[in-house]
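Just below is one structure, and these are the notes that go with it.
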Amino acid sequence: MFGCDCFFIAIEYAATLVSATPTSRQLKTQNLRHPNKNTPMIRKRFALLILLTLATAPLRADELGSSPGWQFFEERDPFSGANTSRAVFPSDADSAVGYDHPRALVVRCSPDPPGFEVIMVSDGYIGSRNDRIPMRFRFGDNVPVEERWHESTSGTAAFLPRGYQDFLAGLASREDFVFEITDYRGSTSHARFSGLSVNDDALEYVLGGCDGEAP
1 MFGCDCFFIA IEYAATLVSA TPTSRQLKTQ NLRHPNKNTP MIRKRFALLI
51 LLTLATAPLR ADELGSSPGW QFFEERDPFS GANTSRAVFP SDADSAVGYD
101 HPRALVVRCS PDPPGFEVIM VSDGYIGSRN DRIPMRFRFG DNVPVEERWH
151 ESTSGTAAFL PRGYQDFLAG LASREDFVFE ITDYRGSTSH ARFSGLSVND
201 DALEYVLGGC DGEAP
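In the working numbering, the protein residues as written are 1 to 215.
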C-alpha cells in the first residue's frame with residue numbers, strides 16, 4: 001500500500017511495541033524499579049495508532065511526486081469493483097506553517113452521491129473536537145470561509161461534508177488558495193495551494209462522477 005518498504009517497516013515496529021509490553025509478572029518487578037505504570041498502555045496505544053493510520057490513510061506515501069499540478073491515480077475496489085481513483089494536489093512545499101499543515105488535497109471517486117469526496121490530508125495527527133475539525137480557507141482575494149469538516153478514522157485527514165459548496169466553488173475557479181487546520185489542541189497550521197489549473201483534467205474526471213474515460 002505504501003511506497004518502498006515503509007509500510008512493512010511500520011507494521012514491524014508496531015508489532016515490536018506490542019510484544020515489548022511486559023507481562024503482569026514482569027510489570028510487578030518493573031514497578032518496584034520504575035514508578036511509571038502507564039508505560040505498557042502508552043506503548044499499546046501508540047502501536048494501535050500506527051496501524052490505524054496506515055489502514056485508513058487516504059493518501060499513499062508514493063503519491064506526492066515532484067511533478068506540478070494534479071496527479072491522477074487509477075484504482076478500483078478489489079471486492080466491489082467500485083471506482084476509487086483519485087486526483088491528488090500537493091501543497092506548496094515552501095508555504096507550510098505549523099506541525100500539522102495541510103499536506104495534500106485529495107478528490108476521490110465514490111459510489112455514493114454526488115460521486116466523489118473531498119479530503120484534506122494533514123502532515124500530522126490533527127484529531128478533532130466532537131468529530132469535527134475547524135477549517136479555514138481563502139481562494140484568491142475572496143473573503144475567508146470557516147467550516148467544520150468531518151474527521152477521518154486515522155485523525156490525519158478531514159472530509160468535506162455533503163452540501164458544503166463554498167470549497168467546491170473555489171475549486172471551480174482554479175484560483176490559488178490558503179488552507180488552515182485547527183487541531184484538537186487548538187493549534188493552527190496552514191499551507192498554500194498554487195496552480196490548480198495544471199493537469200486539471202484529472203480533477204474534472206473525478207468531479208464529474210468518474211464517468212467516461214480516465215485521464
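Built from N, CA and C at the ideal position, the CB exists for glycine as well.
According to the DSSP assignment, E204 belongs to the alpha helix (DSSP H) that extends over 201 to 207. Contact between A191 and P102 holds: CB atoms are separated by about 5 Å, below the 8 Å threshold. Counting C-beta pairs with one atom in each stretch, the region 155 to 166 and the region 114 to 121 have three or more that are closer than 8 Å, which means they touch.
Spatial neighbours of D201 in its own chain (CB-CB distance under 7 Å, excluding positions within 5 residues in sequence) are listed in chain order as P215.
Between the region 122 to 131 and the region 178 to 191, the count of C-beta pairs closer than 8 Å reaches three or more; the two stretches touch. A residue is called buried when at least 16 other Cβ atoms come within 10 angstroms of its Cβ; P90 meets this threshold and is buried. If only complete runs of 4 or more residues are kept, the region 118 to 193 shows the alpha helix (DSSP H) at 166 to 173, in order along the chain. Cβ contact annotation for G208 (same chain, cutoff 8 Å, sequence separation greater than five): G115, in chain order. Around the beta carbon of A93, a 10 Å sphere encloses fewer than 16 other beta carbons of the protein chains shown; the residue is thus reported as exposed. DSSP places R86 in the uninterrupted beta strand (DSSP E) bounded by 86 to 90.
In the structure shown, A104 adopts extended strand secondary structure according to DSSP, grouped into three states. Under the 10 Å beta carbon count, V206 is surrounded by 16 or more other beta carbons and is classified as buried. In this structure, the alpha-carbon of A87 lies about 16 Å from that of F167. Linking D77 to T84 through their CA atoms gives a straight-line distance of about 6 Å. Distance between P144 and P113, taken at the CA atoms: about 27 Å. Short of 6 Å from the beta carbon of S197, and not among the five residues preceding or following it, lie these beta carbons of its own chain, in chain order: R174. Contact between F177 and R138 holds, since their C-beta atoms are separated by about 6 Å, short of 8 Å.
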